[in-house]
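**Student:** Have a look at this one before I ask anything.
Numbering (the working numbering), first residue to last: 5 to 117.
Here's what the structure looks like:
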């Protein structure tokens, strides 16, 4: 990602219905899984200060796993980090180490029309 996208150049990243890793009894993971902590760190580095990341999924277990990964990311070299924000009309479903998982359809404040 960083070889193709300049640092701090993306205002908004939307990931819609990512394929979860292969779960074996709930604990297995595929080596081809894209949304790893390393990839999420790359997304953070190319996202502009104040930019946003929205991950839309119908798999709550997977969203909780991603929220935990996001919560453990250190700030990038500029001190940027992803922060949860209030979503109007969105029902907070879960808070995973400070990363809020919402239920419902993201609205205009998340970039969805």
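Note that beta-carbon positions come from the ideal geometry of N, C-alpha and C, so glycine has one too.
What did DSSP end up calling residue 67 once you bin it into helix, strand or coil?
**Tutor:** Looking at residue 67 - three-state DSSP - the assignment turns out to be helix.
**Student:** Taking C-beta to C-beta, are residue 13 and residue 41 nearer than 8 angstroms?
**Tutor:** Cβ atoms of residue 13 and residue 41: not closer than 8 angstroms.
**Student:** In the DSSP output, which residue or residues are listed as bridge partners for residue 10?
**Tutor:** Paired residues: none, contrary to the question.
**Student:** Can you say whether residue 15 is buried or exposed, counting buried as having 16 or more other CB atoms within 10 angstroms of its CB?
**Tutor:** Exposed, because fewer than 16 other Cβ atoms sit within 10 Å of the Cβ of residue 15.
**Student:** Can you name the start and end residues of the alpha helix (DSSP H) that residue 49 belongs to?
**Tutor:** It spans 41-50 - the alpha helix (DSSP H) in which residue 49 sits, taken as one unbroken run.
**Student:** Taking only the alpha-carbon atoms, compute the straight-line gap between residue 55 and residue 98 and give it to the nearest angstrom.
**Tutor:** Their Cα atoms are separated by approximately 22 angstroms.
**Student:** Between 74, 117, 57, 46, which lies nearest to residue 6 when the distance is taken from Cα to Cα?
**Tutor:** It is 46 whose Cα lies nearest to the Cα of residue 6.
**Student:** Going by C-alpha distance, which of 69, 101, 52 is nearest residue 17?
**Tutor:** Answer by Cα proximity: 52.
**Student:** In this structure, how does DSSP classify residue 60 when only helix, strand and coil are distinguished?
**Tutor:** Strand.
**Student:** For the beta strand (DSSP E) containing residue 103, name the first residue and the last one.
**Tutor:** Counting along the chain, the beta strand (DSSP E) containing residue 103 begins and ends at 103-107.
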